[in-house]
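*Asks:* Here the sequence shown stands for residues 0 to 208, where the numbers follow numbering that gives the first Met the number 0. Glycine residues also receive a C-beta, built at the ideal position from the N, C-alpha and C atoms. Keep in mind it's a predicted model, so treat the numbers as computed, not measured. Pasting a structure below so you can have a look.
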Amino acid sequence: MKEEKKNSDKEKKLYEDTLREICSFGAGNAAARLSKLIGKKVNIDLPEVWVSKPSDGFDFLPSNEREVVIGINSAFGGDRRGVIFMLTGMEDAKKLLGFLFNRKIKEMGEMEQSALLEVSNILSGAVVGSIANFAGMKINLEPPQLTIDLPLSIIDPALAEQMESIRWIFFTVVSIKIEVEKISLLLTFFPFFDLVGEIWKKMGEGKLL
0 MKEEKKNSDK
10 EKKLYEDTLR
20 EICSFGAGNA
30 AARLSKLIGK
40 KVNIDLPEVW
50 VSKPSDGFDF
60 LPSNEREVVI
70 GINSAFGGDR
80 RGVIFMLTGM
90 EDAKKLLGFL
100 FNRKIKEMGE
110 MEQSALLEVS
120 NILSGAVVGS
130 IANFAGMKIN
140 LEPPQLTIDL
150 PLSIIDPALA
160 EQMESIRWIF
170 FTVVSIKIEV
180 EKISLLLTFF
190 PFFDLVGEIW
200 KKMGEGKLL
């Protein structure tokens, strides 16, 4: 029994490490595109993998701030389905937009929201595109949608659909930081299919080099 548990723990860790590595490629591309877009240095943290529902709605966030956030979700379809979110605080969003418009942003109007949607579309496209290329899948990103709410309320529909689709929860959280202003963005990736399992299968069949 102990040996079975040990093997199970090893397999779980290998699964999480593989998912983290896959998402690292996409996160790196997203950071590079954001850096080019705003002309500032952008850093990323190693993706964090979650295999359960966050308990209090804030514990998957890297900061201790407990407030509503801006959430932009981009669903994707094609060979496989899922959704990716960009989450950021209101003040961080204004600072980010300040780089784009080259002025201080005081209010989040229609033009500012439209620009934020475009930023999210660029970052989400970089992540999903990298994963699709790596996995040899055709995945299409749908137009993004913006919501302002508590973090767990924003991602909860994705958790529910994941449970319905594959009967368990797993997602990654990537923290992107713009050093000069200490701006923090989160990208959370929810595949509604067994991404790692499919990649392992293709590797075993020699379809991935």
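1) Distance check for VAL195 and THR17, CA to CA, integer angstroms please.
2) Locate the beta strand (DSSP E) running through ILE83, then write down its first and last residues.
3) Which partner residues does PRO190 have in the DSSP bridge list?
4) Tell me, please, which residues DSSP counts as bridged to SER174.
5) Among the candidates GLY81, GLY38, LYS39 and GLU117, whose CA atom is the shortest distance from the CA of GLN161?
6) Could you tell me the distance, in whole angstroms, from the CA atom of LEU208 to the CA atom of GLY108?
7) Just to confirm before moving on: does the CB-CB distance between LEU244 and ILE182 stay below 9 Å?
8) If you run the structure through DSSP and keep just helix, strand and coil, what is ILE198?
9) Helix, strand or coil for LEU208 per DSSP?
10) Could you tell me which of ALA157, VAL173, SER174 and VAL172 sits nearest to ARG166, measuring between CA atoms?
11) So, is PRO142 buried or exposed, given that buried needs 16 or more other C-beta atoms within 10 angstroms?
12) For PHE169, which three-state DSSP category applies?
13) Check LEU149 in the structure and name its three-state DSSP category.
14) For LEU99, which residues in the same chain have their Cβ closer than 7 Å to its Cβ, ignoring the five residues on either side in sequence?
15) Sort out for me which residues DSSP pairs GLY76 with in a bridge.
*Replies:* On the basis of the supplied data:
1) 7 Å
2) 81–87
3) GLY81
4) LEU185
5) GLY81
6) Per-residue confidence for LEU208 stands at a pLDDT of 42, beneath the threshold of 50, marking its modelled position as unreliable; the derived number appears in the next sentence. Rounded to whole angstroms, LEU208 to GLY108 spans 47 Å at the Cα level.
7) Look at the range of the chain in this structure, 0 to 208, and you will see that residue 244 is not part of it.
8) helix
9) Any answer about LEU208 is weak, because its pLDDT of 42 lies below 50 and its placement is not dependable; what the coordinates show is given next. Reduced to three states, the DSSP call for LEU208 is coil.
10) ALA157
11) exposed
12) coil
13) coil
14) ILE37 and ALA114
15) ASN139
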